[in-house]
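Q:
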Amino acid sequence: MALIEWDNNLSVGIPSLDDQHKQLIALLNQLNDAMKAGKARDIIATVLKEVIDYTSYHFSTEEEYMDKVNFSGTFTHKIEHKKLVEKALSLHRDVEAGKLMVTIEVMNFLQEWVTNHILGTDKKYTAAFSEQGIQ
Ligand SMILES: [Fe+2]
Ligand SMILES: [Fe+2]
Numbered sequence: 000m001a002l003i004e005w006d007n008n009l010s011v012g013i014p015s016l017d018d019q020h021k022q023l024i025a026l027l028n029q030l031n032d033a034m035k036a037g038k039a040r041d042i043i044a045t046v047l048k049e050v051i052d053y054t055s056y057h058f059s060t061e062e063e064y065m066d067k068v069n070f071s072g073t074f075t076h077k078i079e080h081k082k083l084v085e086k087a088l089s090l091h092r093d094v095e096a097g098k099l100m101v102t103i104e105v106m107n108f109l110q111e112w113v114t115n116h117i118l119g120t121d122k123k124y125t126a127a128f129s130e131q132g133i134q
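The numbering of the sequence shown is numbering that gives the first Met the number 0, which starts it at 0 and goes up by one.
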């Protein structure tokens with residue numbers, strides 16, 4: 000079973016960014032499957048790194064748009080992105096060093112931050128982006 004199922008509640012109303020969120024969720028589901036299948040630590044670490052790399056790419060897309068439209072919430076949104084990436088990188092370091100196992104708790108943490116960020120923070124840019132023709 001998938002860890003997260005994308006549904007319309009998660010839509011930010013900007014198709015290109017919804018697609019990126021879907022891709023991010025697909026990667027998190029892959030990580031969850033690898034964890035449940037008991038894959039080796041190095042494989043888990045590699046999938047986790049893919050999640051982080053895609054997250055960074057996605058965050059830079061959003062930040063580019065926020066800068067482009069002079070979005071008023073840019074500053075706090077960028078801080079949130081930075082904290083999320085730092086936290087995920089520190090998880091990755093600990094997994095690689097054998098100090099941390101990717102468990103259901105870690106997956107729940109990742110699931111929560113993705114959904115909370117989309118619902119609580121990303122959705123704030125919808126009006127500003129649509130008004131400026133960002134799709
Ligand atoms: Fe964001
Ligand atoms: Fe996002």
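For each residue, glycine too, the CB sits at the ideal point set by N, CA and C.
(1) Which class does Asp52 belong to by DSSP, given the choice of helix, strand or coil?
(2) In chain order, what residues of the same chain lie with their CB nearer than 7 Å to the CB of Gln22, ignoring the 5 residues before and after it?
(3) Flag His20 as yes when its Cβ comes closer than 7 Å to any non-hydrogen atom of ligand 1, and as no otherwise.
(4) Pick helix, strand or coil for Thr120, following the three-state DSSP scheme.
(5) Between which two residues does the alpha helix (DSSP H) containing Thr125 stretch?
(6) What do you reckon, are the CB atoms on Arg40 and Gly119 nearer than 8 Å?
(7) Determine the DSSP secondary structure at Ile133, reduced to helix, strand or coil.
(8) Give me the Cβ distance between Gly12 and Thr114, rounded to the nearest whole Å; I'm assuming they're in contact under 8 Å.
(9) Just to check, is the beta-carbon of His76 closer than 7 Å to a non-hydrogen atom of ligand 2?
A: Answer, in terms of the structure:
(1) helix
(2) Tyr53
(3) no
(4) coil
(5) Thr125 to Glu130
(6) no
(7) coil
(8) About 16 Å; that fails the 8 Å criterion.
(9) no
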